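*Asks:* Taken in order, these protein sequences are the chains called A and B.
Counting in full-length UniProt numbering, the first sequence runs from 1 upward without gaps.
Counting in full-length UniProt numbering, the second sequence runs from 1 upward without gaps.
Number of protein chains: 2
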Amino acid sequence: MPERRRGAALEKALLDAAWEELAETGYARFTMEAVARRAGTSPSVLYRRWSDRDDLVRAATVHVLREYRLDTPDTGSLRGDVLTLMREINATRVQFITVMGAHLAGYYRETGTSPGDLRDPLVTGRAQALDVLFDRAVERGEIKPEPLTERVRSLPFDLLRHEILMTFAPVPDDVLEEIVDTVFLPLVLPPAR
Amino acid sequence: MPERRRGAALEKALLDAAWEELAETGYARFTMEAVARRAGTSPSVLYRRWSDRDDLVRAATVHVLREYRLDTPDTGSLRGDVLTLMREINATRVQFITVMGAHLAGYYRETGTSPGDLRDPLVTGRAQALDVLFDRAVERGEIKPEPLTERVRSLPFDLLRHEILMTFAPVPDDVLEEIVDTVFLPLVLPPAR
DNA sequence: CACCTAAGATATGGATTCGTATCTTACGGC
DNA sequence: GCCGTAAGATACGAATCCATATCTTAGGTG
Numbered sequence: 001m002p003e004r005r006r007g008a009a010l011e012k013a014l015l016d017a018a019w020e021e022l023a024e025t026g027y028a029r030f031t032m033e034a035v036a037r038r039a040g041t042s043p044s045v046l047y048r049r050w051s052d053r054d055d056l057v058r059a060a061t062v063h064v065l066r067e068y069r070l071d072t073p074d075t076g077s078l079r080g081d082v083l084t085l086m087r088e089i090n091a092t093r094v095q096f097i098t099v100m101g102a103h104l105a106g107y108y109r110e111t112g113t114s115p116g117d118l119r120d121p122l123v124t125g126r127a128q129a130l131d132v133l134f135d136r137a138v139e140r141g142e143i144k145p146e147p148l149t150e151r152v153r154s155l156p157f158d159l160l161r162h163e164i165l166m167t168f169a170p171v172p173d174d175v176l177e178e179i180v181d182t183v184f185l186p187l188v189l190p191p192a193r
Numbered sequence: 001m002p003e004r005r006r007g008a009a010l011e012k013a014l015l016d017a018a019w020e021e022l023a024e025t026g027y028a029r030f031t032m033e034a035v036a037r038r039a040g041t042s043p044s045v046l047y048r049r050w051s052d053r054d055d056l057v058r059a060a061t062v063h064v065l066r067e068y069r070l071d072t073p074d075t076g077s078l079r080g081d082v083l084t085l086m087r088e089i090n091a092t093r094v095q096f097i098t099v100m101g102a103h104l105a106g107y108y109r110e111t112g113t114s115p116g117d118l119r120d121p122l123v124t125g126r127a128q129a130l131d132v133l134f135d136r137a138v139e140r141g142e143i144k145p146e147p148l149t150e151r152v153r154s155l156p157f158d159l160l161r162h163e164i165l166m167t168f169a170p171v172p173d174d175v176l177e178e179i180v181d182t183v184f185l186p187l188v189l190p191p192a193r
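This is the structure:
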C-alpha cells in the first residue's frame with residue numbers, strides 16, 4: 001500500500017531525518033529508532049547502510065555539509081557584500097553551527113576531532129567567494145591593494161559564529177551591522193581623517 | 001578504617017569529581033556511578049544531595065564558576081595587560097570553555113539556556129578588571145579618553161574563546177599576539193601615520 | 001509473469017544506567 | 001561513652017537503547 005522509497009532518494013531521506021534528529025534532540029539523545037521513525041522506516045534500514053550510531057552521525061553531517069553553498073553577493077560596496085553574506089549565514093546556518101559547535105561534543109571525543117575540522121571545508125569554500133569580493137573592493141578603490149590577512153578577512157564571520165555559539169539563536173541585525181561598522185570596516189578601510 | 005568526609009568538604013569533593021567527569025567524558029557519558037567512583041563514594045551519597053543527573057551537572061558548573069577569578073595585571077602597557085589576561089585564560093580555562101561551549105548541549109536543551117547565560121557572570125566580573133586596565137591606558141596616554149564600546153573591549157577575549165571552541169585546545173601564543181597586534185590594538189590605538 | 005533484491009516490520013538478547021531501597025558503620029554531639 | 005545522623009556499600013527493578021536476526025512484501029528486472 002505505501003510507496004516504498006529506494007536507493008538515493010531513500011538515503012537522502014534517512015540522512016535528512018538523522019540531521020533533523022541531531023538538531024532537535026542533540027547527540028546525547030540521538031537514537032537509531034528515533035531516526036527511523038522520523039524517516040518513516042525501521043532501524044534495519046539504517047543498519048544496512050551505516051554500521052553504528054556514530055557512522056550515521058558522521059554521514060549525516062557530511063551530507064548536510066555538501067548541500068551548503070553561498071553564492072557571492074555583489075551589492076556595490078564591501079560593506080553591503082559582507083553584510084549580505086553574514087545575513088545569509090545568520091538566516092540559514094544557525095542550526096548547523098549550533099549542532100556543529102555543541103551537540104557533536106560526544107562525536108568529537110570519540111573521533112578525536114574538533115569543530116574546526118568540520119568547519120574548515122566550509123571556510124575554504126567561502127574563501128574563494130571572499131577573494132572575488134575583496135578584489136572588487138580593490139577595483140572600486142575602497143580598500144588598498146595589499147592583501148588582508150586571513151584573520152582580518154574572516155573576522156566578521158568568526159565573530160558571527162561566536163555570537164551564535166553563545167546564544168544558540170540568530171543574531172539581531174543591528175549586531176551584525178555593529179560588527180561590520182565598528183570592527184571590520186575600521187580595520188580594512190583607510191582611516192577617514 | 002577509611003576516613004569519612006562530612007558536610008562541606010565532602011560536597012566540594014563530589015562537585016569537583018562531577019566537574020572532572022564532565023570535562024573528561026562529556027555530558028553524554030556522564031553517569032552518577034562514575035562520579036561516585038571518582039569521588040571514592042557511592043551513588044546514594046549523590047542522590048542524597050541532588051535529585052538527578054542534571055541537578056548535579058548544574059550544581060557542579062555553578063561550583064566551578066564561583067572559583068574562577070582573574071586578577072588584574074599591570075605590565076605597563078595595554079598590549080602587555082591584555083596579552084597577560086589572554087594567556088591566563090588560555091592556560092587555565094580551556095577545559096571550562098570546552099565544557100561550557102560543547103559538552104553541556106544537553107543541559108542547555110533541558111533548561112532552555114545557552115552558553116551565554118553561563119558566560120555572562122564571568123564576563124561581568126572580568127569587565128571590572130578591564131575597566132581598571134583601560135583607565136590606566138588612558139592615564140598613560142596610550143589611548144584616547146573616549147570610552148570604547150563593549151564589543152571592542154571584549155573583542156580579543158571573544159576571538160580567543162572562538163578559537164578554543166573551534167579547536168578544543170589552547171591557542172598558540174603567536175595567535176594570541178596576532179589577535180592583539182593585528183586586530184585589537186589597531187582599533188584602539190590612534191593611527192600611527 | 002516469475003524472480004530477486006532490498007524495504008520495512010517486529011522481536012529480542014545484552015548491556016547500560018537511572019533512581020530507590022536496604023543495610024552496615026563511622027563520626028560528631030551531648 | 002552512648003546515640004543519632006549521615007556516609008558508604010550493595011542490590012535491584014524499570015527503562016532505555018544498541019545491534020542483530022528473522023520474516024513479509026513491494027517494486028524493479030528479465
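Here a beta-carbon is modelled for each residue, glycine too, at the ideal position from N, C-alpha and C.
What you are looking at is a predicted structure, and each value in this text was computed from that prediction instead of being measured.
Which first and last residues belong to the alpha helix (DSSP H) in which residue 143 (chain B) is found?
*Replies:* Residue 143 (chain B) -> no alpha helix (DSSP H), and no H or E assigned at all.
*Asks:* Please list the partners that residue 28 (chain A) has in chain B, where partner means a Cβ-to-Cβ separation under 8 angstroms.
*Replies:* Result: 27, 28, 105, 106.
*Asks:* Roughly how many whole angstroms lie between the Cα atoms of residue 188 (chain B) and residue 143 (chain B)?
*Replies:* Distance between the alpha carbons of residue 188 (chain B) and residue 143 (chain B) is about 6 angstroms.
*Asks:* Use the C-beta contact count for residue 193 (chain A): other C-beta atoms within 10 angstroms, 16 or more gives buried, fewer gives exposed.
*Replies:* Because the pLDDT at residue 193 (chain A) is just 49, under 50, the model does not fix this residue reliably, and the value given afterwards should be weighed accordingly. It is exposed - the Cβ of residue 193 (chain A) has fewer than 16 other Cβ atoms within 10 Å.
*Asks:* Would you say the beta carbon of residue 158 (chain B) comes nearer than 8 angstroms to a heavy atom of the ligand GTP?
*Replies:* What this structure holds is no ligand at all, so the ligand GTP is not there to describe.
*Asks:* Checking contacts by CB at 9 angstroms: is residue 143 (chain A) closer than that to chain B?
*Replies:* Chain B, which has no Cβ nearer than 9 angstroms to the Cβ of residue 143 (chain A), makes this no.
*Asks:* In angstroms with no decimal places, state the Cα-to-Cα distance between residue 22 (chain B) and residue 178 (chain B).
*Replies:* The alpha-carbon atoms of residue 22 (chain B) and residue 178 (chain B) are separated by roughly 32 angstroms.
*Asks:* Exposed or buried, what is residue 197 (chain A) when buried is set at 16 or more other beta-carbons lying within 10 Å of its beta-carbon?
*Replies:* As shown, chain A starts at 1 and ends at 193. That puts residue 197 (chain A) outside it, with no answer to give.
*Asks:* Output needed for residue 126 (chain B): all residues of its chain with C-beta closer than 7 angstroms, excluding positions within five of it in sequence on either side, in chain order.
*Replies:* Only 70 meet the Cβ criterion.
*Asks:* Check whether chain A comes within 9 angstroms of residue 134 (chain B), counting only Cβ atoms and requiring the distance to be less than that.
*Replies:* With 9 angstroms as the cut-off, residue 134 (chain B) does not count as an interface residue toward chain A.
*Asks:* Taking C-alpha atoms, which residue in A:13, A:19, A:12 lies nearest to residue 104 (chain A)?
*Replies:* Here the closest residue by C-alpha is A:19.
*Asks:* If you count every other CB in all the chains shown that lies within 10 Å of the CB of residue 3 (chain B), and 16 or more means buried, which is it?
*Replies:* Classification of residue 3 (chain B): exposed, given that the 10 Å Cβ count is below 16.
*Asks:* Which of the three DSSP states is assigned to residue 193 (chain B) in this structure?
*Replies:* Residue confidence is low: residue 193 (chain B) scores 48 on pLDDT, short of 50, so the model does not pin down where it sits. Its coordinate-derived value is still stated next. Here residue 193 (chain B) sits in coil by DSSP.
*Asks:* Taking a contact to mean a Cβ-Cβ separation below 9 angstroms, would you say residue 195 (chain A) touches residue 79 (chain A) in this structure?
*Replies:* Nothing about residue 195 (chain A) can be read from this structure; chain A reaches only from 1 to 193.
*Asks:* Would you mind listing the alpha helix (DSSP H) stretches within the segment 2-60 of chain A that are 4+ residues and don't spill past its ends, in chain order?
*Replies:* Complete alpha helix (DSSP H) runs here, min 4: 7-25, 32-39, 43-49.
*Asks:* Mark residue 115 (chain B) as exposed unless 16 or more other C-beta atoms lie within 10 angstroms of its C-beta, in which case mark it buried.
*Replies:* Classification of residue 115 (chain B): buried, given that the 10 Å Cβ count is 16 or more.
*Asks:* Per the contact definition of three or more C-beta pairs closer than 8 angstroms, is the segment 85-100 of chain A in contact with the segment 150-167 of chain A?
*Replies:* Yes, since at least three Cβ pairs between the segment 150-167 of chain A and the segment 85-100 of chain A fall closer than 8 angstroms, the two stretches touch.
*Asks:* With distances taken between CB atoms, is the gap from residue 133 (chain B) to residue 72 (chain B) smaller than 9 angstroms?
*Replies:* Yes; because the gap between Cβ atoms is below 9 angstroms, this pair is in contact.
*Asks:* Using a Cβ cut-off of 7 angstroms, which residues of the segment 154-168 of chain B contact any Cβ in chain A, in chain order?
*Replies:* Listed by position, the residues of the segment 154-168 of chain B near chain A (Cβ gap below 7 angstroms) are 155, 158, 159, 161, 162, 165, 166, 167, 168.
*Asks:* Could you check whether the Cβ of residue 34 (chain B) sits closer than 9 angstroms to any Cβ belonging to chain A?
*Replies:* No, because no Cβ of chain A sits closer than 9 angstroms to the Cβ of residue 34 (chain B).
*Asks:* Under a CB-based cut-off of 9 angstroms, is residue 146 (chain A) close to chain B?
*Replies:* Answer no: the Cβ-Cβ gap between residue 146 (chain A) and chain B never drops below 9 angstroms.
*Asks:* Exposed or buried, which one is residue 48 (chain B) when buried takes at least 16 other CB atoms within 10 Å?
*Replies:* Under this definition residue 48 (chain B) is an exposed residue.
*Asks:* Using the beta-carbon of each residue, which ones in chain A are nearer than 9 angstroms to residue 186 (chain B)?
*Replies:* Near residue 186 (chain B) (Cβ distances below 9 angstroms), the residues of chain A are 186, 187.
*Asks:* Can you give the beta carbon distance from residue 28 (chain A) to residue 27 (chain B), rounded, assuming they're within the 8 angstroms contact cut?
*Replies:* Correct: roughly 6 angstroms between the Cβ atoms.
*Asks:* For the segment 107-125 of chain A, which residues have a CB atom closer than 8 angstroms to at least one CB atom of chain B, in sequence order?
*Replies:* Residues passing the 8 angstroms Cβ filter: 108, 109, 114, 115, 116, 119.
*Asks:* Hey, does residue 178 (chain B) have any beta-carbon neighbour from chain A nearer than 9 angstroms?
*Replies:* Closer than 9 angstroms: yes.
*Asks:* With H, G and I counted as helix, E and B as strand and the rest as coil, what does DSSP make of residue 111 (chain B)?
*Replies:* The answer is helix: DSSP assigns residue 111 (chain B) an H, G or I state.
*Asks:* Which same chain residues end up closer than 6 angstroms to residue 77 (chain B) when comparing Cβ atoms and leaving out the 5 residues on each side of it in sequence?
*Replies:* Once the five neighbours on either side are set aside, residue 77 (chain B) has no close Cβ partner at all.
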